[in-house]
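Visitor: Input: one structure, supplied below.
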Amino acid sequence: MIENNNNRNEELLLAKIGSKEYLNENCWLARNLRIPPAKRCWYCVLTFRNCPIVQYLIPTIIFLFGSLAVLFLIEGEVSKPVLVIILIIVFGYGWFANYSTEKLIKANFQERRLRIELGGEKKSLEIKVAARTKELKELAVTLDQRVKERTRELQEKMEELERFNKLAIGRELKMIGLKEEIKELKEELEKYRK
Amino acid sequence: MRLIHEDSLRFSMVLYGILVLLAYLLNNFWIILAIGVLMGVGSISINYNLFYQLHSSCLRRIFSKESPSPSKDINEARFAGSVAAILLFLAFWLFYFWKLTMLAWVLAGLVMFLNLLAGATGICVGSLMYVFFRKIFRGKENQS
Chain A
1175 MIENNNNRNE ELLLAKIGSK EYLNENCWLA RNLRIPPAKR CWYCVLTFRN CPIVQYLIPT
1235 IIFLFGSLAV LFLIEGEVSK PVLVIILIIV FGYGWFANYS TEKLIKANFQ ERRLRIELGG
1295 EKKSLEIKVA ARTKELKELA VTLDQRVKER TRELQEKMEE LERFNKLAIG RELKMIGLKE
1355 EIKELKEELE KYRK
Chain B
25 MRLIHEDSLR FSMVLYGILV LLAYLLNNFW IILAIGVLMG VGSISINYNL FYQLHSSCLR
85 RIFSKESPSP SKDINEARFA GSVAAILLFL AFWLFYFWKL TMLAWVLAGL VMFLNLLAGA
145 TGICVGSLMY VFFRKIFRGK ENQS
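In the order they appear, the protein sequences are chains A and B.
According to my numbering, the first sequence is numbered sequentially starting from 1175.
According to my numbering, the second sequence is numbered sequentially starting from 25.
Here you go:
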């Protein structure tokens, strides 16, 4: 029952996942905003702490402002080429991180959906196998009953035949005896005539 | 709720960020003013957002094989665009009238950072602020 409810919940979740209606309850930000913060969050089930983009963002901000602060402290100003290089590195990395994260989350979602669909297929197959097994068991039971019934009928017929046989043989024997008696009597009658 | 294409919006955000960076490299505050005007006009109506229209009507058709359905709430984009435009106007005002060059560049740099972040990673701080404020004001409306 609990397993069925879990599966039902999972199916409902899968129906919503991949759309704006989906809300990742594991994510602190999405839960508080009551909407998915970015498009990739339409598929996500991770917690806020484990979100790859948050994991990118925090070191990035620390790196960006840290490196700017260090450069400013050492040289008294941040040269423009250095700033451009830092920005290109940070946002280039960010773009690739975001791209790969989206791919990963979508792949994870596809895998999950496949697993649930396969689970559903397995369940329907199990139900079919159970139904056929039940049918076969019932058939086996009825077959046994039918065999017993036919055996009993055959036994009754055999007994009847035996009785009939006994009766017929007894009659025949009696007839043979009577014929012999008639023959003896005929012979005695012949003797008396002579 | 009208929806717009997120990829086109991100493209426009990256371009705005790059233009602010270019303004910094050329040390030209008139470019900042021009970007502020572009962003402000773009947030009034998405039809006037030049870079969005460029990507949405031309580049996506040329380069993208699949055309995803629109997914971003237009009000989020308009709010974020308005905030960015206000910050850029503020930066220009600080520079032009008060000669606070450093503070002005910090504000412009903030807009550039947030635009590039939104464009590169999809994390739009303005959109999150919009959702947050909407939640607060809707909560108050419901209470009243």
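Backbone N, C-alpha and C fix where the C-beta goes; we use that ideal spot for every residue, glycine too.
Check whether the segment 102 to 115 of chain B and the segment 38 to 58 of chain B touch, using three or more Cβ-Cβ pairs below 8 Å as the test.
Guide: Taking 8 Å as the limit for Cβ pairs, the verdict is that the segment 38 to 58 of chain B does touch the segment 102 to 115 of chain B.
Visitor: DSSP puts Asp97 of chain B in a beta bridge; with which residues?
Guide: B:Leu27
Visitor: Report buried or exposed for Val135 of chain B, applying the criterion of at least 16 other Cβ atoms within 10 angstroms of its Cβ.
Guide: buried
Visitor: Pick helix, strand or coil for Ile147 of chain B, following the three-state DSSP scheme.
Guide: coil
Visitor: How many Å lie between Ala1281 of chain A and Leu1288 of chain A at the Cα?
Guide: 10 Å
Visitor: Since Ile1191 of chain A is in the alpha helix (DSSP H), which residue starts that stretch and which ends it?
Guide: Where Ile1191 of chain A is concerned, there is no enclosing alpha helix (DSSP H), given that its DSSP letter is neither H nor E.
Visitor: Please confirm if Val1303 of chain A has its CB atom under 8 Å from at least one CB of chain B.
Guide: no
Visitor: From the DSSP output, in three-state form, read off Tyr1217 of chain A for me.
Guide: coil
Visitor: Can a CB atom of chain B be found closer than 8 Å to the CB of Ile1260 of chain A?
Guide: no
Visitor: Would you say Gly163 of chain B faces chain A, with C-beta separation under 8 Å as the test?
Guide: no
Visitor: Express the C-alpha separation of Ile1235 of chain A and Arg85 of chain B in angstroms, rounding to a whole number.
Guide: The straight-line gap from Cα to Cα measures roughly 34 Å.
Visitor: Compute the beta-carbon to beta-carbon distance between Tyr1196 of chain A and Pro1210 of chain A, rounded to the nearest angstrom, for a pair I have assumed lies under 8 Å.
Guide: 6 Å
Visitor: Across the segment 151 to 161 of chain B and the segment 32 to 44 of chain B, are there enough close Cβ pairs to call them in contact, namely three or more that are closer than 8 Å?
Guide: Judged by pairs of C-beta atoms under 8 Å, the segment 151 to 161 of chain B does not touch the segment 32 to 44 of chain B, as fewer than three such pairs exist.
Visitor: Taking contact to mean at least 3 C-beta pairs separated by less than 8 Å, is the segment 67 to 83 of chain B in contact with the segment 98 to 112 of chain B?
Guide: The segment 67 to 83 of chain B, when compared against the segment 98 to 112 of chain B, does touch it at the 8 Å Cβ threshold.
Visitor: Is Arg1223 of chain A near the ligand SAH, with its Cβ less than 7 Å from a heavy atom?
Guide: Among the components modelled here there is no ligand, and therefore nothing to report on the ligand SAH.
Visitor: How would you call Gly163 of chain B, buried or exposed, if buried means at least 16 neighbouring beta carbons within 10 angstroms?
Guide: exposed
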